[in-house]
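In our numbering, the protein residues as written are 987 to 1363. First comes the structure, then the notes that go with it.
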């Protein structure tokens, strides 16, 4: 007897195969992030998983490759949605995850529209240069970092300075709550005093360690200038210039202050990379009328006791732009990862910093909040 539902069942099984193939491939390709997160990194295992996943990406049918990209979008970037909690937009979190999944699904699908494997290899390689809306945290070659294909060993010498990076673990809901501001400032001052007492040359505090418009806080500025007679202080904060808000790094040295502003802003976090009419609408209805941050026109360097350091604030530390025209290999990077905690974001950031340190031959001091400080070289 003919089963009227058999074609429907076969279609479901057919679709299920695409999804399963895509999910397995995405898991193999993304495993290096989660192995690093759980401190289980193994070069041999990563190398094997990477080879298998690359082969699958360039040989699977295009529908399976779509689901590969779909699940990679989730596995790599689900944490982006966490930040929407602090904008009181938690209801958008599933949509944000879906947008990343769909976006990378389409991008991967386009690499599989041709059957010729050599053309597909070239198209997959071209993913290195694809940055949707300026967001560049997906690198098709990033998994190579923790494999035997990566033979790079840094020969850059440590700078001739004793540097202290205190560890911060301040949650995002407290960071911008005015009732905690005195406690936050006092903690920062105590960390600076500790560095002075222990004869450090430089103390580095994270991005927005002072959650305020610091250049308008004259008394606090004077306090930091006074302490800079004994130690160089580098700290993150906001600044205001010509009625425009900037994400900044302040350097206090020998009773003087220098301000370096962020060059590369976070897409949809610090700026909306769309025509102004859409920017105004999004800011009005989703961000309570807030304005985008203003970016600096070029990167800035700090000279500390004769050594030049490039300033890099969070997202821009994982871009090529910030490393243009370097005077030395040394970088002071600062981040506030509380926006995304708890998540794999700090792990992915660490891997990307290693990627750029290798690419540009860098020695990076990374001071963070809500993840471990590190030196990347």
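By construction, the Cβ of each residue, glycine as well, lies at the ideal position given by its N, Cα and C atoms.
Does the distance from the CB of residue i to the CB of residue j come in under 8 angstroms?
i	j	result
residue 1007	residue 1018	no
residue 1149	residue 1190	yes
residue 1235	residue 1299	yes
residue 1177	residue 1152	yes
residue 1220	residue 1318	yes
residue 1287	residue 1297	yes
residue 1166	residue 1233	no
residue 1124	residue 1090	yes
residue 1192	residue 1329	no
residue 1036	residue 1188	no
residue 1228	residue 1196	no
residue 1226	residue 1202	yes
residue 1394	residue 1250	Residue numbering for the chain in the displayed model covers 987 to 1363; residue 1394 lies beyond these limits and cannot be assessed.
residue 1038	residue 1014	yes
residue 1060	residue 1085	no
residue 1204	residue 1238	no
residue 1253	residue 1121	yes
When you compare only the Cα positions, how much space is there between residue i and residue j?
i	j	result
residue 1056	residue 1119	18 angstroms
residue 1283	residue 1199	20 angstroms
residue 1087	residue 1154	32 angstroms
residue 1128	residue 1111	12 angstroms
residue 1294	residue 1139	22 angstroms
residue 1349	residue 1343	7 angstroms
residue 1179	residue 1223	19 angstroms
residue 1337	residue 1351	14 angstroms
residue 1143	residue 1292	15 angstroms
residue 1314	residue 1058	36 angstroms
residue 1289	residue 1069	34 angstroms
residue 1047	residue 1040	14 angstroms
residue 1094	residue 1052	6 angstroms
residue 1213	residue 1135	47 angstroms
residue 1168	residue 1206	11 angstroms
residue 1157	residue 1326	10 angstroms
residue 1109	residue 1103	10 angstroms
residue 993	residue 1194	Legend: pLDDT at residue 993 = 48, less than 50; position of this residue unreliable, value from coordinates given subsequently. So the alpha carbons of these two residues sit roughly 59 angstroms apart.
residue 1126	residue 1215	47 angstroms
residue 1071	residue 1079	8 angstroms
residue 987	residue 1001	Because residue 987 sits at a pLDDT of 39, beneath the cut-off of 50, its placement in the model cannot be relied upon, and the point is left open.
residue 989	residue 1105	Residue confidence is low: residue 989 scores 47 on pLDDT, short of 50, so the model does not pin down where it sits. Its coordinate-derived value is still stated next. Approximately 43 angstroms, taken between the alpha carbons.
residue 1029	residue 1172	43 angstroms
residue 1347	residue 1353	19 angstroms
residue 991	residue 1010	Legend: pLDDT at residue 991 = 40, less than 50; position of this residue unreliable, value from coordinates given subsequently. Computed Cα separation, rounded: 29 angstroms.
residue 1281	residue 1244	17 angstroms
residue 1159	residue 1077	18 angstroms
Once DSSP output is grouped into helix, strand and coil, what is the label at residue i?
i	result
residue 1022	helix
residue 1189	strand
residue 993	With a pLDDT of 48 at residue 993, under the threshold of 50, the predicted position of this residue should be treated as unreliable, and no value is reported.
residue 1007	helix
residue 1364	Nothing about residue 1364 can be reported from this structure: the residues present for the chain run from 987 to 1363 only.
residue 1180	helix
residue 1302	helix
residue 947	Beyond the ends of the chain as shown, which are 987 and 1363, falls residue 947; an answer cannot be given.
residue 1297	strand
residue 1236	strand
residue 1091	helix
residue 1079	helix
residue 1292	coil
residue 1172	helix
residue 1249	coil
residue 1138	coil
residue 1159	helix
residue 1255	coil
residue 1319	strand
residue 1312	coil
residue 1354	strand
residue 1100	coil
residue 1329	coil
residue 1126	coil
residue 1151	coil
residue 1121	coil
residue 952	Given a span of 987 to 1363 for the chain in the structure shown, any question on residue 952 remains unanswerable.
Assuming residue i contacts residue j (C-beta within less than 8 angstroms), just tell me the rounded distance between them.
i	j	result
residue 1054	residue 1012	5 angstroms
residue 1097	residue 1113	7 angstroms
residue 1115	residue 1050	Residue 1115 to residue 1050, Cβ: 24 angstroms. No contact.
residue 1368	residue 1323	Residue 1368 cannot be examined here, being either before or after the span of the chain that is shown, 987 to 1363.
residue 1410	residue 1065	Outside the shown range of the chain (987 to 1363) lies residue 1410, about which nothing can therefore be said.
residue 1362	residue 1339	5 angstroms
residue 1310	residue 1285	7 angstroms
Can you confirm whether residue i, when its beta carbon is compared against all beta carbons of chain D, has any partner nearer than 8 angstroms?
i	result
residue 1010	Of the protein chains in the structure, only one exists, and it is not chain D.
For the stretch 1037 to 1067, which segments carrying the alpha helix (DSSP H) assignment without a break, of at least 4 residues, lie completely within its bounds, in sequence order? Annotation note: the stretch 1037 to 1067 contains the following uninterrupted alpha helix (DSSP H) runs of length 4 or greater, listed N- to C-terminal: 1048 to 1063.
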